[in-house]
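Numbering-wise (the working numbering), the sequence shown opens with residue 773 and increments by one. Down below is the structure, laid out as structure tokens.
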Amino acid sequence: MRKFWCLFFMVWPILAIWLCWISPSYNWWFPGDALWKLGEQIDDLFYLLLIVVTVVFIGTQLALGYVLWKGSEAKTGHAWFSHGSHNLEVIWTILPAIILLFISLYQMDVLARIRLKQEFPEQVANDPVAEVSARQFEWRIRYPAPGKKLRALPQPDDLYTVNDLHIPVGKPVMIRLRSEDVQHSFGLPHLRLMQDAVPGLVIPVWFQSNKVGKYEIVCKELCGWGHYKMQGELTVELEEDYNAYLQELQEKMNDDGYSGDPAETVALSNED
Ligand SMILES: [Cu+2]
């Protein structure tokens, strides 16, 4: 019976490692390659952490398995008491401290390039393409009118969409991220980008996609019952398509429903 429990507790870590091992082939891993250089660097950091935790996980599970197996063979039924080993405790305090210190220093460069305003690419630092406001449960997007700059306060000729963000391909862009109610998190899985949207704060977020396409925008913070609905679409397109999109959006917003055909006016007025 003791052997059974030993094997039982060993099955789960083996199963966990096996699941991680096979998940890339079932598409349960990253959603494709990162679309920009910083995304690739974030992946590298992820893999570094994965290697560290895997080594520690396998090591501790093997030690646990060994102790369980040894204990299951013991005949006396008495527990063995230990007051610990001073040397071992020093080692397993200092070693994790060194590893954590190394990780925190090693990732600082990438983190700074994403988060620090003074590290933003110069051309986007003061020139947001859009304002993205998270609210329960959608992403509201405000663009400036074509040819104009986005102002902090909404302007009468601003353009609005919901859950549909367009950006030009191959160049850095910056958005102003806000929240209108609770805390949300703006997530672009294909870019490995994630930033909390915090009520009362305007957070600049910059990114770039080197590949044209349609990608997911997701909320990565449980923000209420409709959290799962906070799915938007990031459209990355050629500069000219992007400009045409904004132009079209402006025409749609300025459309008053009147086609210019006098016959239509008559038809409408005859109705009432
Ligand atoms: Cu949300």
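Quick reminder that beta carbons are idealized off the backbone N, C-alpha and C, glycines included. In this text the structure is predicted, and so the values were computed from the model without any measurement.
Distance from the C-beta of Met966 to the nearest heavy atom of ligand 1 is not below 8 Å. Not one heavy atom of ligand 1 lies closer than 8 Å to the C-beta of Ala897. Distances from the CA of Asp968 to each of Pro803, Val824, Arg950 were compared; the closest alpha carbon is that of Arg950.
Here the stretch 939 to 956 makes no contact with the stretch 778 to 787; the two share fewer than three CB pairs at distances below 8 Å. In the DSSP assignment, Gly919 falls outside any alpha helix (DSSP H) and carries neither an H nor an E. DSSP, read as helix, strand or coil, puts Arg887 in helix. In terms of Cα proximity to Pro926, the closest of Arg914, Gln879, Thr1007, Phe818 is Arg914. Within the model, the alpha-carbon separation for Leu973 versus Leu883 is close to 20 Å. Put simply, the stretch 855 to 872 does not touch the stretch 803 to 820. Fewer than three CB pairs are less than 8 Å apart. The beta carbons of Tyr1014 and Ile939 sit about 7 Å from each other, so the pair counts as a contact at 8 Å.
Annotation: Ala906 is outside any alpha helix (DSSP H); the continuous beta strand (DSSP E) that includes it extends over 902 to 907. Take Lys992, set aside five residues on each side of it, and the residues of its chain with a beta-carbon closer than 6 Å to its own are Ser957, Gly959, Met966, in chain order.
Under the three-state reduction of DSSP, Ala788 is assigned to helix. Under the 8 Å Cβ criterion, the stretch 1000 to 1011 counts as touching the stretch 981 to 991, having at least three qualifying pairs. With contacts defined as CB atoms closer than 9 Å, Val827 and Ile875 fail to qualify as a contacting pair. Among the bridge pairs identified by DSSP, Asp936 is matched with Glu1005. Apart from the 5 residues on each side of it in sequence, Ile871 sits with its Cβ closer than 8 Å to the Cβ of Val824 in its chain, given in chain order. Per DSSP, reduced to three states, the secondary structure at Lys842 is helical.
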